[in-house]
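Asker:
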Amino acid sequence: MWKIPPRNKNFTGRKELLDKLRTGVKDHVKAVVPHTLHGLGGVGKTQMAIEFAYRFRDSYDVVWWIPADQPGLVRATLAQLAPKLGVPDATTAGIEDAANGVLEALRRGEPYDRWLLIFDNADEPEDFSELIPPGPGDVLVTSRNHRWASVYETIPVDVFTRKESKEFLAKRVPSVTDKEADQLAEVLGDLPLALEQAAALQVETGMSARDYLALFEQGASTLLKEGKPREYPWSMTRAWELSVTKLKEHLPGAMELLRCCAFFGPEPIPRDVFRPVKGPVRPELAELLKTPIRLSRAIATLARYALVRIDLDDRTLQVHRLIQALLREELPQETQEEIRSEVHSLLVGASPTAPDNPQNWSHYQTLLAHVRPAEVAQSTRSDVRAFAHTIMSYLIASGDYGAVTTYAELFIDAWSRSSGATHPDVLRMKRVQGDMHREFGRYDDAYQLNTTTLASMREVMGPDHRETLILLNGIGADLRGRGRFLDAKEHDQESVELHRAVLGSEDPQTLRAINNLALDYGLTSDYRGSQALALEAYKTAQLVEGSVSRGTFLNLWASLSRAVRQCGDYAEACDVGGDALGYGRQQLGVDHPRVLIVQKDLAIALLRSGARDEGLETAREVHGRYVRIYGLNHPGTLAAAICLANALRANGHAEEAYTLAEDTMGRYARIYAADHPYIHGCSSNVALLLRVRGNPQAASVLNRKAIAGLEGRFGRDHHYVLTVAVNLGSDLAAMGELEAACELEEDCVQRLRRLLGEHHPGSLAAAANLAADLAAAGRSEEAKQLFDDTMRRYDETLGLEHPDAVAAAEGRHLDLDFDPPPI
Numbered sequence: 001m002w003k004i005p006p007r008n009k010n011f012t013g014r015k016e017l018l019d020k021l022r023t024g025v026k027d028h029v030k031a032v033v034p035h036t037l038h039g040l041g042g043v044g045k046t047q048m049a050i051e052f053a054y055r056f057r058d059s060y061d062v063v064w065w066i067p068a069d070q071p072g073l074v075r076a077t078l079a080q081l082a083p084k085l086g087v088p089d090a091t092t093a094g095i096e097d098a099a100n101g102v103l104e105a106l107r108r109g110e111p112y113d114r115w116l117l118i119f120d121n122a123d124e125p126e127d128f129s130e131l132i133p134p135g136p137g138d139v140l141v142t143s144r145n146h147r148w149a150s151v152y153e154t155i156p157v158d159v160f161t162r163k164e165s166k167e168f169l170a171k172r173v174p175s176v177t178d179k180e181a182d183q184l185a186e187v188l189g190d191l192p193l194a195l196e197q198a199a200a201l202q203v204e205t206g207m208s209a210r211d212y213l214a215l216f217e218q219g220a221s222t223l224l225k226e227g228k229p230r231e232y233p234w235s236m237t238r239a240w241e242l243s244v245t246k247l248k249e250h251l252p253g254a255m256e257l258l259r260c261c262a263f264f265g266p267e268p269i270p271r272d273v274f275r276p277v278k279g280p281v282r283p284e285l286a287e288l289l290k291t292p293i294r295l296s297r298a299i300a301t302l303a304r305y306a307l308v309r310i311d312l313d314d315r316t317l318q319v320h321r322l323i324q325a326l327l328r329e330e331l332p333q334e335t336q337e338e339i340r341s342e343v344h345s346l347l348v349g350a351s352p353t354a355p356d357n358p359q360n361w362s363h364y365q366t367l368l369a370h371v372r373p374a375e376v377a378q379s380t381r382s383d384v385r386a387f388a389h390t391i392m393s394y395l396i397a398s399g400d401y402g403a404v405t406t407y408a409e410l411f412i413d414a415w416s417r418s419s420g421a422t423h424p425d426v427l428r429m430k431r432v433q434g435d436m437h438r439e440f441g442r443y444d445d446a447y448q449l450n451t452t453t454l455a456s457m458r459e460v461m462g463p464d465h466r467e468t469l470i471l472l473n474g475i476g477a478d479l480r481g482r483g484r485f486l487d488a489k490e491h492d493q494e495s496v497e498l499h500r501a502v503l504g505s506e507d508p509q510t511l512r513a514i515n516n517l518a519l520d521y522g523l524t525s526d527y528r529g530s531q532a533l534a535l536e537a538y539k540t541a542q543l544v545e546g547s548v549s550r551g552t553f554l555n556l557w558a559s560l561s562r563a564v565r566q567c568g569d570y571a572e573a574c575d576v577g578g579d580a581l582g583y584g585r586q587q588l589g590v591d592h593p594r595v596l597i598v599q600k601d602l603a604i605a606l607l608r609s610g611a612r613d614e615g616l617e618t619a620r621e622v623h624g625r626y627v628r629i630y631g632l633n634h635p636g637t638l639a640a641a642i643c644l645a646n647a648l649r650a651n652g653h654a655e656e657a658y659t660l661a662e663d664t665m666g667r668y669a670r671i672y673a674a675d676h677p678y679i680h681g682c683s684s685n686v687a688l689l690l691r692v693r694g695n696p697q698a699a700s701v702l703n704r705k706a707i708a709g710l711e712g713r714f715g716r717d718h719h720y721v722l723t724v725a726v727n728l729g730s731d732l733a734a735m736g737e738l739e740a741a742c743e744l745e746e747d748c749v750q751r752l753r754r755l756l757g758e759h760h761p762g763s764l765a766a767a768a769n770l771a772a773d774l775a776a777a778g779r780s781e782e783a784k785q786l787f788d789d790t791m792r793r794y795d796e797t798l799g800l801e802h803p804d805a806v807a808a809a810e811g812r813h814l815d816l817d818f819d820p821p822p823i
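In my numbering, the protein residues as written are 1 to 823.
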């Protein structure tokens with residue numbers, strides 16, 4: 001298996017370094033000891049790595065090239081290797097899991113133990129600590145960062161020896177004499193990139209070495225007098241200037257294209273960026289862009305002059321960062337700003353119209369690489385800022401919330417300085433920032449920022465503006481994040497009414513508002529009301545499918561599945577949730593945050609339906625994904641941990657469940673207020689496990705505290721309160737306090753039947769527990785009557801083979817656990 005850039009047919013020398021590298025690699029046969037090629041840009045590290053791979057390819061079954069300029073994209077490149085190693089690919093498993101599967105397969109040496117990974121142009125060593133697999137293969141890293149030398153075995157790569165310089169020039173310019181080659185190498189400082197520039201110019205123009213040297217000497221003194229500090233030898237600057245001078249003479253349009261490329265990032269630039277656009281573009285470049293034949297010729301000419309590198313397969317062109325720096329440096333500030341604005345126009349013109357469409361995400365990712373280098377945040381143009389908002393919409397839709405946070409800060413900072421803190425663009429980006437505070441569990445920060453921003457939006461943009469309504473909808477989630485479920489419900493009822501009046505009932509934003517209200521209904525125990533709202537939003541979205549994004553549609557679908565489960569229809573919830581999960585994975589990918597929510601909800605539905613093995617497997621998988629992607633303290637990870645703990649207990653793994661539940665309870669306290677309902681719900685799960693492990697006394701203490709906290713917020717007739725009360729009844733029964741247990745359970749049965757209905761599994765569980773305790777207390781007639789009625793209802797609903805019905809039939813207590821819905 002082979003993924004490597006094309007070999008340079010003019011590669012010259014480096015025999016001693018290649019032999020040293022080969023010897024060093026062969027000496028480590030038991031474990032990977034990465035070798036690093038270190039040196040300044042332009043000395044040929046990348047070409048040496050490519051040559052090493054080609055020269056010793058027979059020693060490897062797998063050779064994989066990994067561009068490492070952007071560490072965040074490395075896993076995606078590793079994941080491409082998955083199907084070749086028999087590992088589930090990114091489509092099936094997600095990029096994160098596919099990459100991890102690749103690393104694990106390489107570590108084991110299965111199916112191949114002779115492999116070579118090459119990380120090209122890596123920067124900070126710590127960014128790659130988890131990406132270099134220990135195992136039987138080899139790893140090669142190229143880097144300009146000297147810090148690699150303190151971590152791994154490093155081979156410095158310097159300029160060519162004089163012999164190598166002369167050999168290289170003889171290959172590239174056959175007419176050059178030995179003396180001329182020596183003179184060229186001398187003035188160019190033996191720098192490979194400078195030699196390549198000089199050779200390309202001579203070959204392309206037919207210039208003799210003597211003429212080249214004469215031109216070089218004419219400008220050298222001027223360069224030296226300038227005394228500008230440079231990272232690279234001045235000879236490189238002069239070599240580049242000679243190439244540029246001839247380029248201007250032969251094809252001026254190509255020079256203008258090259259200058260434009262200098263203000264993109266050093267990453268590959270999509271070929272399709274270069275086309276006629278509406279925004280400001282210099283006349284000379286605009287003329288080139290609207291003439292496809294001349295444009296293609298200009299690009300080909302730049303490649304022949306070794307000023308750009310073309311990738312025909314990916315349809316990109318790339319300019320060395322040194323050449324970019326030299327091009328920018330020669331221009332006055334006014335011209336730099338003009339060309340930078342031109343690049344902004346090209347980026348705007350290349351932006352697809354649907355950032356929420358997954359088919360456009362790879363294209364947006366290539367554009368994103370140029371947002372910071374092109375200084376998009378510094379522009380005050382409305383179309384450029386609209387492009388920035390579109391980029392943010394792409395990042396949000398694709399679920400890359402870490403990048404959303406980073407770029408939101410960048411834009412807010414730049415735009416606040418240039419336009420003021422209450423400019424509509426700034427307010428809109430602050431709304432996004434508030435969403436990210438909430439996403440990562442910073443609920444107080446989100447509430448404070450969003451309420452302040454809302455006041456400014458109402459004043460600046462008006463109370464009926466779409467952006468104002470979007471933020472208004474988000475504040476309901478902030479209230480839920482702070483545990484104020486009743487306030488959130490009241491807020492969202494008003495929000496839905498306003499959305500309907502301003503935007504209409506079919507607008508996607510109105511559907512999101514209805515969806516949030518459905519969640520409020522669920523959190524305040526009105527599950528039938530929640531299901532009705534969720535179904536309304538889902539069915540409307542189906543009717544206007546083209547206007548609703550895939551992410552929003554999945555959210556509505558997930559809410560419907562959750563509401564169906566909360567109503568006690570577990571089998572139906574599994575069906576709806578399974579369909580939603582399949583849709584989400586197909587459209588958004590297995591690691592998308594909205595897909596993970598659906599998968600976690602499906603795990604709960606499977607457990608409640610009686611499919612405990614499958615529920616545990618699903619819960620383990622989704623928890624593992626959350627941990628790998630977001631870490632241990634993300635709200636989604638904690639919710640998945642609660643689900644997994646419940647699944648472990650249901651499958652008889654009480655000790656493992658207790659360890660996880662207790663750890664999660666401690667972590668919940670870090671992101672939620674001490675009196676948040678989820679804190680009490682989590683502690684009730686720990687209490688349940690304390691009793692299962694034989695300590696009902698400790699369980700009862702925790703459960704009483706949870707009841708007091710929940711009842712203080714909601715009163716007695718809330719599902720969460722009654723769930724914990726049912727478990728407290730089991731604690732009392734286990735402690736031998738049957739009379740107190742029966743009294744508490746009788747009250748719970750009555751309240752649950754009124755709240756949820758007589759056939760709801762929660763009501764049936766409470767009734768089954770009461771029947772068992774009545775029998776134990778000697779109240780046989782009452783017990784039998786209630787038992788028979790409960791078993792009849794089980795037969796009519798879940799079926800007598802369901803684990804709950806089996807436990808009830810055997811007179812065992814049923815436990816009610818807590819699973820927190822998303823905020």
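Think of the CB as a built atom: it goes at the ideal place given N, C-alpha and C, for glycine as much as any other residue.
#1: If distances are taken between C-alpha atoms only, which option among ALA605, ASP789, ASP663 comes closest to LEU638?
#2: Express the C-alpha separation of MET48 and LEU179 in angstroms, rounding to a whole number.
#3: Excluding sequence positions up to five away, which residues of its chain have a Cβ less than 8 Å from the Cβ of ARG620?
#4: Per DSSP, which one or two residues make a beta bridge with LYS784?
#5: Which residues does DSSP pair with LEU117 in a beta bridge?
#6: What ranges does the beta strand (DSSP E) occupy inside the segment 613-697, keeping only unbroken runs of at least 3 residues that lie completely in it?
#7: Please report how far the alpha carbon of VAL173 lies from the alpha carbon of TYR305, in whole angstroms.
#8: Exposed or buried, what is ARG162 when buried is set at 16 or more other beta-carbons lying within 10 Å of its beta-carbon?
#9: Taking a contact to mean a Cβ-Cβ separation below 8 Å, would you say LEU728 touches ASN703 in this structure?
#10: Just curious, the alpha helix (DSSP H) that ILE50 is in, first and last residue?
#11: Taking 8 Å as the cut-off, decide whether the C-beta atoms of ALA783 and LEU774 are in contact.
#12: With H, G and I counted as helix, E and B as strand and the rest as coil, what does DSSP make of ASP569?
#13: Pull up the distance between the alpha-carbon of HIS370 and that of GLU267, whole angstroms please.
#14: CB ARG594 to CB ASN555, shorter than 8 Å?
#15: Under 8 Å between the Cβ atoms of LEU21 and GLU51?
#16: Quick check: PRO136 and GLY441, are their CB atoms within less than 8 Å of each other?
#17: Can THR552 and LEU511 be called in contact, C-beta distance under 8 Å?
#18: By Cβ distance, which residues of its chain are closer than 7 Å to ALA254, with the 5 residues on each side in sequence left out?
#19: Please classify LYS45: is it buried, with 16 or more other beta-carbons within 10 angstroms of its beta-carbon, or exposed?
#20: Between the C-alpha atoms of ASN357 and GLU572, what's the straight-line distance to the nearest angstrom?
#21: Alpha helix (DSSP H) containing ILE132: first to last residue?
#22: Taking the C-alpha atoms as reference points, what is the distance between LEU395 and LEU295?
#23: Leaving out the 5 sequence neighbours to the left and right, which residues in its chain are closer than 7 Å to ALA766 when beta-carbon positions are compared?
#24: Measure the CB-CB distance between ILE310 and CYS260 and report whether it falls below 8 Å.
#25: At which residues does the alpha helix (DSSP H) containing THR301 begin and terminate?
#26: Comparing alpha-carbon positions, which option in TYR583, PRO424, GLN531 lies nearest THR468?
#27: Once the 5 residues before and after VAL806 are set aside, which same chain residues still bring their CB inside 8 Å of it?
#28: Quick one: give me the first and last residue of the beta strand (DSSP E) that ASP311 is part of.
#29: Grouping DSSP H, G and I as helix and E and B as strand, with all else coil, what is LYS278?
#30: Considering only their Cβ atoms, is the gap separating ASN516 from ALA534 smaller than 8 Å?
#31: Determine the DSSP secondary structure at THR828, reduced to helix, strand or coil.
#32: Name, in chain order, the residues that DSSP records as bridge partners for GLN318.
#33: Along the chain, where does the alpha helix (DSSP H) containing TRP361 start, and where does it finish?
#34: Whole angstroms is fine: what's the gap from VAL692's alpha carbon to LEU106's?
#35: Grab the span of the alpha helix (DSSP H) containing GLY778 for me, first residue to last.
#36: Out of curiosity, what's the CA-to-CA distance linking VAL33 and VAL141?
Answerer: Per the coordinate set shown:
#1: Stepping through the sequence shown from its first residue, residue 638 is reached at position 638. Closest option to LEU638, Cα to Cα, is ASP663.
#2: Taking the sequence shown and counting its residues from 1, the one referred to as residue 179 is at position 179. Taking the sequence shown and counting its residues from 1, the one referred to as residue 48 is at position 48. With the sequence shown as reference, residue 179 is identified as Lys, and Leu is not the correct amino acid for it. The straight-line gap from Cα to Cα measures roughly 26 Å.
#3: Position 620 of the sequence shown holds residue 620. Excluding five sequence positions before and after ARG620, the CB atoms of its chain that fall closer than 8 Å to its own CB belong to LEU644, ALA647, given in chain order.
#4: Here residue 784 corresponds to residue number 784 of the sequence shown, with the count starting at 1. Under DSSP, no beta-bridge partner is assigned to LYS784.
#5: Along the sequence shown, one-based indexing puts residue 117 at 117. LEU117 is bridged to TRP64, VAL139.
#6: none
#7: For the purposes of this step, residue 173 is identified with residue 173 of the sequence shown, where counting begins at 1. For the purposes of this step, residue 305 is identified with residue 305 of the sequence shown, where counting begins at 1. VAL173 and TYR305: Cα-Cα distance of roughly 13 Å.
#8: Numbered from 1 along the sequence shown, position 162 holds the residue referred to as residue 162. Result: exposed.
#9: Here residue 728 refers to the residue found at position 728 of the sequence shown. Here residue 703 refers to the residue found at position 703 of the sequence shown. Taking 8 Å as the Cβ cut-off, LEU728 and ASN703 qualify as a contacting pair.
#10: Here residue 50 corresponds to residue number 50 of the sequence shown, with the count starting at 1. Counting along the chain, the alpha helix (DSSP H) containing ILE50 begins and ends at 45-55.
#11: Here residue 783 refers to the residue found at position 783 of the sequence shown. Here residue 774 refers to the residue found at position 774 of the sequence shown. Yes, Cβ-Cβ distance for ALA783 and LEU774 is below 8 Å.
#12: For the purposes of this step, residue 569 is identified with residue 569 of the sequence shown, where counting begins at 1. In the three-state DSSP reduction, ASP569 falls in the coil class, being neither helix nor strand.
#13: The sequence position of residue 370 within the sequence shown is 370, counting from 1. The sequence position of residue 267 within the sequence shown is 267, counting from 1. Cα to Cα, HIS370 sits roughly 8 Å from GLU267.
#14: Reading the sequence shown from its first residue, position 594 is the one you call residue 594. Reading the sequence shown from its first residue, position 555 is the one you call residue 555. Taking 8 Å as the Cβ cut-off, ARG594 and ASN555 qualify as a contacting pair.
#15: Locating residue 21 in the sequence shown gives position 21, counting from the first residue. Locating residue 51 in the sequence shown gives position 51, counting from the first residue. No, they are not a contact pair.
#16: Here the question's residue 136 lines up with position 136 in the sequence shown. Here the question's residue 441 lines up with position 441 in the sequence shown. No, these two residues do not count as a Cβ contact at 8 Å.
#17: On the sequence shown, position 552 is the one that residue 552 refers to. On the sequence shown, position 511 is the one that residue 511 refers to. Yes, Cβ-Cβ distance for THR552 and LEU511 is below 8 Å.
#18: Against the sequence shown, residue 254 aligns to sequence position 254. Around ALA254: LEU247, ALA298, THR301, LEU302.
#19: Along the sequence shown, one-based indexing puts residue 45 at 45. Looking at its Cβ environment, which holds 16 or more other Cβ atoms inside 10 Å, LYS45 is buried.
#20: Reading the sequence shown from its first residue, position 357 is the one you call residue 357. Reading the sequence shown from its first residue, position 572 is the one you call residue 572. Distance between the alpha carbons of ASN357 and GLU572 is about 29 Å.
#21: Translated into the one-based positions of the sequence shown, residue 132 becomes position 132. That residue, ILE132, is in no alpha helix (DSSP H); it is neither H nor E in DSSP.
#22: For the purposes of this step, residue 395 is taken as the residue at position 395 of the sequence shown. For the purposes of this step, residue 295 is taken as the residue at position 295 of the sequence shown. The straight-line gap from Cα to Cα measures roughly 32 Å.
#23: Numbered from its first residue, the sequence shown carries residue 766 at position 766. Excluding sequence neighbours, ALA766 sits near VAL726, GLU745, CYS748, VAL749, LEU752.
#24: Counted from its first residue, the sequence shown places residue 310 at position 310. Counted from its first residue, the sequence shown places residue 260 at position 260. No. Outside cutoff.
#25: Numbered from its first residue, the sequence shown carries residue 301 at position 301. Where THR301 is concerned, the enclosing alpha helix (DSSP H) stretches over 292-304.
#26: As a working note, residue 468 is residue 468 in the sequence shown. Ranking the options by Cα distance to THR468, first place goes to PRO424.
#27: Numbered from 1 along the sequence shown, position 806 holds the residue referred to as residue 806. Closer than 8 Å at Cβ, skipping near neighbours: LEU800.
#28: The residue you call residue 311 lines up with position 311 of the sequence shown. Residues 309-311.
#29: Within the sequence shown, residue 278 is the residue found at index 278, counting from 1. Coil.
#30: To locate residue 534, count along the sequence shown from 1; it is residue 534. To locate residue 516, count along the sequence shown from 1; it is residue 516. Not closer than 8 Å, so no.
#31: Outside the displayed range of the chain (1 to 823) lies residue 828, so it cannot be described from this structure.
#32: Here the question's residue 318 lines up with position 318 in the sequence shown. DSSP lists ARG309 as partners of GLN318.
#33: For the purposes of this step, residue 361 is taken as the residue at position 361 of the sequence shown. It spans 361-368 - the alpha helix (DSSP H) in which TRP361 sits, taken as one unbroken run.
#34: Position 692 of the sequence shown, counted from the first residue, corresponds to residue 692. Position 106 of the sequence shown, counted from the first residue, corresponds to residue 106. Cα to Cα, VAL692 sits roughly 42 Å from LEU106.
#35: Within the sequence shown, numbered from 1, the residue matching residue 778 stands at position 778. Element bounds for GLY778: n/a, residue is neither H nor E.
#36: Counting from one through the sequence shown, the residue named residue 33 turns up at place 33. Counting from one through the sequence shown, the residue named residue 141 turns up at place 141. Bear in mind that the predicted position of VAL33 carries a pLDDT of just 49, short of 50, making it unreliable; the figure below should be weighed with that in mind. Their Cα atoms are separated by approximately 11 Å.
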